[in-house]
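**Q**
In this note's numbering, the protein residues as written are 0 to 99.
Dropping the structure here:
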C-alpha cells in the first residue's frame, strides 16, 4: 500500500511481509513501513518494523526403516518385548485362597 502526501508517494506500508532467507529460514515482518525519501527528502528515509519473527529452516525428514533394517529392528523389538511381557503377565496371576 502506497502512502502519499498529495501527488507524491512518501512511504510504502507492507502488512504481512514474508522473506525467504538463503539458509532456508523464513522471516515475517508485520507491519513494515518504508519511507521512500526521494522527492520529499525532508521526511527522511528508512524502515520501521513493528514486529518481526524468524523461524529456522525445517529439519530434513527422518528416513523410515525399510528392507533388511526394518526386519532386524522388528526382530530386536520382539526379542525384548516378548520376555518382558511374559514376566509381567505371570506376576499378575490370581492368588488362590489359603496360599501365599
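Note that beta-carbon positions come from the ideal geometry of N, C-alpha and C, so glycine has one too.
#1: Quick check on the burial criterion: 16 or more other C-beta atoms within 10 angstroms. Buried or exposed for residue 52?
#2: Is it buried or exposed for residue 28, if we count other Cβ within 10 angstroms and need 16 for buried?
#3: Using the rule of at least 16 other Cβ atoms within 10 Å of the residue's Cβ for burial, across every protein chain shown, is residue 78 buried or exposed?
#4: Express the C-alpha separation of residue 76 and residue 68 in angstroms, rounding to a whole number.
#5: Can you name, in chain order, every residue of its own chain whose Cβ lies under 7 Å from the Cβ of residue 30, other than the five neighbours on each side?
**A** On the basis of the coordinates in this document:
#1: Result: exposed.
#2: buried
#3: exposed
#4: Residue 68 and residue 76 have their C-alpha atoms some 12 Å from each other.
#5: If we look at residue 30 and ignore the five residues flanking it on each side, its Cβ neighbours are 12, 13, 14, 49.
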